[in-house]
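Each residue of the sequence shown is one higher than the one before, counting from 222 in this note's numbering. Cβ coordinates follow ideal geometry from the N, Cα and C atoms, glycine included. Being a predicted model, the structure only gives us computed values, none of them experimental.
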Amino acid sequence: MNTSNGRFKLVTAQVLDDRHLRRLAGGDVAAVRIPSLLPDGACRQTISALEVLPRELYDVTRVHPPIVRFGPALNDHRTDDDIDPLYWTLASSARTAWLHAELSPDPMRSMLKVLSTAWNQKVEVATIDARPTFAGVIREINAGTLVHNDSIAQELRPDILDQQISAQLALNVYLSVGASGGATTIWRRRWRPEDEASRISYGHKDIVVADAQSVTVSPAVGDALLFNSEYYHAVSPIRSGRRVSIAFFVGITCDDQLIVWS
Numbered sequence: 222m223n224t225s226n227g228r229f230k231l232v233t234a235q236v237l238d239d240r241h242l243r244r245l246a247g248g249d250v251a252a253v254r255i256p257s258l259l260p261d262g263a264c265r266q267t268i269s270a271l272e273v274l275p276r277e278l279y280d281v282t283r284v285h286p287p288i289v290r291f292g293p294a295l296n297d298h299r300t301d302d303d304i305d306p307l308y309w310t311l312a313s314s315a316r317t318a319w320l321h322a323e324l325s326p327d328p329m330r331s332m333l334k335v336l337s338t339a340w341n342q343k344v345e346v347a348t349i350d351a352r353p354t355f356a357g358v359i360r361e362i363n364a365g366t367l368v369h370n371d372s373i374a375q376e377l378r379p380d381i382l383d384q385q386i387s388a389q390l391a392l393n394v395y396l397s398v399g400a401s402g403g404a405t406t407i408w409r410r411r412w413r414p415e416d417e418a419s420r421i422s423y424g425h426k427d428i429v430v431a432d433a434q435s436v437t438v439s440p441a442v443g444d445a446l447l448f449n450s451e452y453y454h455a456v457s458p459i460r461s462g463r464r465v466s467i468a469f470f471v472g473i474t475c476d477d478q479l480i481v482w483s
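Here it is in structure tokens:
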């Protein structure tokens, strides 16, 4: 099923505001697209910086098809009930490498400014035991992804962050989109315990969303896309070129603050 009837639809906003974020959190809309959040020149500059920024694959025992990224992801460094100490070393190194890249404009600052303006307050980086997490992975997803959802409470534990969150969104800004393919589909379906019967690695077989309403978005270079990451979503493969985005999660806390992490 691939429809966007009713409330669950794509909204295009020239200016993001708090209502967009609240509607995403409540499941009232599928996604919010902000056209040309980053200018073409900034996108090209960031792509060029990838030649010198340290990159690695997501854990290949967990993520297939393989995805190359800059910056550590929390759920790649989870232990039974905590975070591998290596994560903190990698987070510090990634922040240093990003500063040394001296990007102008800095795409992370641009993304955070849009959020802080929309929410009318400063956006904070999420912390664990008072230590700042890393936010702003750059991912190259050329072969697509499995159908999956992202929920820090489900993947780690509900109290892993110092801040308690009531909703988890994802923000992606596209630096390169490839010649064709690479669309993002979001399904109006959250994880249920019985979904584990369709589990494949970090995701699920397509049958898990077979009867769910969906929206498919093909972003352009520089566009931003916000959606509720707790809903199932997937990226289709591209036929040629590169699909590169800078991404992080946006948490709405129980005391109505915004926090970010990757």
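- The C-beta distance from GLY462 to GLY399 rounds to 4 Å, short enough to fall under 8 Å.
- With a cut-off of 8 Å on Cβ pairs, the segment 400-415 is in contact with the segment 443-455, counting three or more such pairs.
- When secondary structure is reduced to three states using DSSP, THR437 falls in the strand class.
- Taking 8 Å as the cut-off, the Cβ atoms of PHE469 and VAL335 do not count as close.
- Rounded to the nearest angstrom, the gap between the Cα atoms of LEU367 and ASP416 is 14 Å.
- For ARG290, the uninterrupted beta strand (DSSP E) run begins and ends at 289-291, by DSSP.
- Residue pairing of TRP412 in beta bridges, as defined by DSSP: absent, with no partner found.
- The beta-carbon separation of ALA388 and ALA246, rounded to 4 Å, stays under the 8 Å limit for a contact.
- Under the three-pair Cβ rule at 8 Å, the segment 259-270 does not count as touching the segment 282-290.
- Residue state for THR338 is assigned as helix, using DSSP reduced to three classes.
- Under the DSSP definition of a beta bridge, TYR452 partners with ARG411.
- Cα atoms of SER457 and ASP301: separation of roughly 31 Å, rounded to the nearest angstrom.
- If the five residues before and after PRO353 are omitted, its C-beta is found closer than 6 Å to the C-beta atoms of VAL346, all from its own chain and listed in chain order.
- By alpha-carbon distance to GLY262, the top candidate from LEU274, ASP327, LEU295 and SER314 is ASP327.
- By the beta-carbon neighbour count (other beta carbons within 10 angstroms, threshold 16), SER483 is buried.
- Straight-line spacing of the CA atoms in PHE229 and ASP249 works out to 6 Å.
- For ALA388, the enclosing beta strand (DSSP E) begins and ends at 386-398.
- LEU242 and ASN393 have their C-alpha atoms roughly 14 Å apart.
- Going by C-alpha positions, LYS343 is about 8 Å away from LEU479.
- Of all alpha-carbon atoms in ILE373, VAL481, ASN363 and SER466, the one lying nearest the alpha-carbon of LEU258 is that of SER466.
- Excluding residues up to 5 positions away in sequence, nothing lies with its Cβ nearer than 7 Å to the Cβ of ASP476 in the same chain.
- In the three-state reduction of the DSSP assignment, SER269 falls in the helix class, which pools H, G and I.
- Between the alpha carbons of LEU396 and PRO256 lies a distance of about 12 Å.
- Three or more beta-carbon pairs separated by less than 8 Å are not found between the segment 306-324 and the segment 429-441, which leaves the two stretches without contact.
- DSSP, read as helix, strand or coil, puts GLU417 in helix.
- The segment 292-300 and the segment 366-380 touch, with three or more beta-carbon pairs separated by less than 8 Å.
- Judged by DSSP in its simplified three-state form, HIS321 adopts helix.
- For ARG240, the enclosing alpha helix (DSSP H) starts and ends at 239-246.
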